[in-house]
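Data block below; observations after.
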Amino acid sequence: MSTEYIRAVSIRRGQVYLTSKSSNDDVPYHAWHCESLSKVYGEEGQPGLDREILRMLCEYAVLKGHHPSLERYRHALEAPEKEKIFQETAQALQAAYDLLQSEDQAHPLTAQSEAARAYRLTARKLQDRQYTALARLCSECSG
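Take the position in the sequence shown, starting the count at 1, then add 111; the result is the number in the working numbering.
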């Protein structure tokens, strides 16, 4: 699995561009239009964009360099409140997991029971709530 290295985030004419590169190829950093982030930005504005970039950073991307556009994300990821947000999500996810039957607990991501499907939906909602809470921390940064 590769890691996306993000060097800058810019908004031009309402469209989101990332300056990034992948860890698994030799292509240098390049600015490119990100349609999915542009769609979120168009529909939800800065809070939605912050949420989705933080999702990327928690799942498969890292910040590289010190471009001013990265400071808000670095602030959120380094804020003391981050640990509390993650702990609350982990506790709620564990509580939902504990309600599953043992057969579903063995394979919670692939089990096909209604309970397992409900668990996966709950997990997605909890992650969305987690990334939304992190995104609120971005607004505290002046960068």
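Where a beta carbon is used, it is the ideal one built from N, C-alpha and C, also for glycine.
These numbers come from a predicted model, not from an experiment.
Note to self: Please classify T130 as buried or exposed, where buried requires at least 16 other C-beta atoms within 10 Å of its C-beta.
What the structure shows: buried
Check: Is L211 helix, strand or coil by DSSP?
Finding: coil
Note to self: What does the alpha-carbon distance come out to for the pair E163 and Q212?
What the structure shows: 32 Å
Next item on the list: Please name the residue in Y208, N135, S180, E170 whose C-alpha comes closest to that of Y242.
Entry: E170
Check: Among Y208, S180, E189, Y140, which has the Cα closest to the Cα of T233?
Finding: Y208
Check: How far does the beta strand (DSSP E) with Q126 in it reach, from first residue to last?
Finding: 126–133
Notebook entry, point to check: The alpha helix (DSSP H) spanning E163 covers which residue range?
Noted result: 146–170
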